[in-house]
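Protein chains in written order, with our numbering: chain Y, 1 to 224; chain S, 1 to 224.
Beneath this line is the structure, given in structure tokens, with notes to follow.
There are 2 protein chains.
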Amino acid sequence: MGMDGSGDKKIVKRRPADRVLQRDPERTRAAILEAATREFSENGMGGARVDAIAERAGTNKRMLYHYFGDKEQLYLHVLEEAYVGIRTAERELHIGDRSPEEGIAELALFTWRYFLKHPEFLSLLGTENLHRARWLRQSVRLKELHSHLIVELTQVLDRGKQAGVFIDTADPLNVYLTIASLGYFYISNQYTLSTIFGRELTEKTNLDAWERHIVHVTLASIKT
Amino acid sequence: MGMDGSGDKKIVKRRPADRVLQRDPERTRAAILEAATREFSENGMGGARVDAIAERAGTNKRMLYHYFGDKEQLYLHVLEEAYVGIRTAERELHIGDRSPEEGIAELALFTWRYFLKHPEFLSLLGTENLHRARWLRQSVRLKELHSHLIVELTQVLDRGKQAGVFIDTADPLNVYLTIASLGYFYISNQYTLSTIFGRELTEKTNLDAWERHIVHVTLASIKT
DNA sequence: TCATCAAGTAACCGTTTAGTTACTGTCCGG
DNA sequence: CCGGACAGTAACTAAACGGTTACTTGATGA
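Here it is, written out as structure tokens:
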């Protein structure tokens, strides 16, 4: 795309820059990444505008292409950063420190509250799944990131099984999918749900009730 | 957008049409709607292309704008039709015909299998929620469509409470949200989930296990 | 049989879009 | 103190986009 290299371009006089030069590569890079996170999560891959990202970041397209290559690579960076965010916070939980039941409850609470606090993460997941994980599959950074969660969850479930409080068929991935399902759907689909059922799902009382519901349902599904 | 009406347009000779004229308004309309459903569910609102819809429908843009006004109205039509589809099928269930427990199990099974058979519906919901129900809120057709579900579900739960098999605090909307959450997340997020956890969620054994899990979890959450 | 009107076609238009180029300002090692 | 590397700017471009116009074709009923 762009020039074909043929001669006689118009030479145009440029006015001196209005804005003060930042000259702070780290800050500019971070600003672009944050602006891109907002733009992609609000508009999806097809709806996001490169110009809008540059403007939101207080810079211009040139810098965006300079630091991230193109729109798709920038999107992948945003997605990777979002996954790193939740998995890093998750690691600090140490769900094996208390009783198995408390550990599972803790993971459920954490996941729900993280989703509630970071709706842009859910939105990015939705966009990525719309495109059948096209970009995530290309990611080289995200192979070892998620195994920690499953390992730790397996340990907690095994301890619960040995103590006789969890059923033997309890599967770690299924437990996590249960927790994530109940949180994801409630938050990401709140707009259509509130519209068609006429109940404001984001009211504090409803949010608190659903939080208790998630913990209750998750434990009920694996308890003996 | 488009012309401003100023004079002297170029008059161009047109070749006779290559394709045989269909001259079947019903068929053309339906073809556009189906093509639009696929295009919007595969690419979202921002990623869908009007040209692509016309081509997929075997017609051209003129007809699309003739029947549906513009891209946004066409999208709303697609969304409304999708909602009518699931709610219509749901009505034929008659979940009150058997025991309360069987009724809830039946609704859970139906919802799961409908989601599995119509991933394009889930995709459209995702797109609509990305835009905070911007178009659904404008819909005049979809006010009374969903109340039937809640009414019937309330009756089944009440019968179960009187029979002493369901807890008194069981809430009809929460029961439906539980069922829908577990089905929606598993299917719509299958691509990222399979990628990061390395388990193929669409394998028959996994699908069957999750189906049983949904029924089990839903009943476990409301049984005394 | 022919006027009329809806169905259908393809070129066209103005705007937007991702991506590029030509150029300027600033810092820092030699 | 100077020259090259890099941060930063804004105008620019080809292509794609949603939407419109000018025109053709076919069916129908007076």
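Backbone N, C-alpha and C fix where the C-beta goes; we use that ideal spot for every residue, glycine too.
All figures in this text were calculated on a predicted structure; none of them were measured in a lab.
| Query | Result |
| --- | --- |
| Residues within the segment 121-137 of chain S neighbouring chain Y, beta-carbon criterion of under 7 Å | S123, L125, G126, E128, N129, L130, R132, A133, L136, R137 |
| Classification of A133(Y) by the beta-carbon crowding that lies within 10 angstroms, buried from 16 upward | buried |
| Enclosing alpha helix (DSSP H) for Q155(Y) [first to last residue] | 147-162 |
| Which of helix, strand or coil DSSP assigns to K143(Y) | coil |
| Under 7 Å by beta carbon: chain Y residues contacting I191(S) | The sequence as given places Tyr at residue 191(S); Ile does not occur at that position. Simply N129, R132, A133. |
| Where Y186(Y) sits in the DSSP three-state scheme | helix |
| Test: L21(Y) CB closer than 8 Å to a CB of chain S | The predicted position of L21(Y) is uncertain, since its pLDDT is 49 and thus under 50; a value taken from the coordinates is nonetheless stated next. Not an interface residue. |
| contact_flag[the segment 207-223 of chain S, the segment 123-137 of chain S] where n(CB pairs < 8 Å) is 3 or more | no |
| Interface flag, F46(S) vs chain Y, CB-CB below 8 Å | The sequence shown places Gly at residue 46(S), rather than the Phe named in the question. So yes, G46(S) belongs to the interface. |
| L116(S) vs L107(S) beta-carbon contact at 8 Å | no |
| Local Cβ density within 10 Å of E152(Y), reported as buried at 16 or more and exposed below that | buried |
| Member of R98(S), F40(S), R199(S) whose CA lies at the smallest distance from the CA of H229(Y) | Past the boundaries of the shown model lies residue 229(Y); chain Y is included only from 1 to 224, so the question cannot be answered. |
| N-terminal and C-terminal residue of the alpha helix (DSSP H) that F40(Y) is part of | 25-47 |
| Presumed contact (8 Å Cβ cut-off) between F197(S) and L173(Y), rounded CB distance | 6 Å |
| Euclidean distance between Cα positions of R49(S) and G85(Y) | 34 Å |
| Candidates I214(S), L201(S), T224(S): closest to G164(S) by CA position | T224(S) |
| Selected residue, minimal CA-CA separation from L122(Y), among R98(Y), F185(Y), F110(Y), R212(Y) | F185(Y) |
| Residues within the segment 167-199 of chain S neighbouring chain Y, beta-carbon criterion of under 7 Å | L173, N174, L177, T178, A180, S181, L182, Y184, F185, Y186, S188, N189, Y191, T192, T195, I196, F197, R199 |
| F68(Y): first and last residue of the uninterrupted alpha helix (DSSP H) it sits in | 61-68 |
| 8 Å Cβ cutoff met for T154(S) and V217(Y) | no |
| Listed by chain order, chain S residues near A31(Y) by CB distance under 9 Å | Neighbours of A31(Y) on chain S: none; closest Cβ ~23 Å, over 9 Å. |
| Strand pairing of F166(S), partner residues [DSSP] | K223(S) |
| Cα-Cα separation, Q162(Y) to E90(Y) | 25 Å |
| Per-residue DSSP class, three states only, for D51(S) | helix |
| Unbroken alpha helix (DSSP H) run spanning H77(Y), endpoints | 71-91 |
| Cβ-Cβ separation, T195(S) to L125(Y) (assumed contact under 8 Å), whole Å | About 11 Å; that fails the 8 Å criterion. |
| For I214(Y) and S221(Y), the rounded distance between their alpha carbons | 11 Å |
| Straight-line Cα distance separating Y176(S) from V156(S) | 12 Å |
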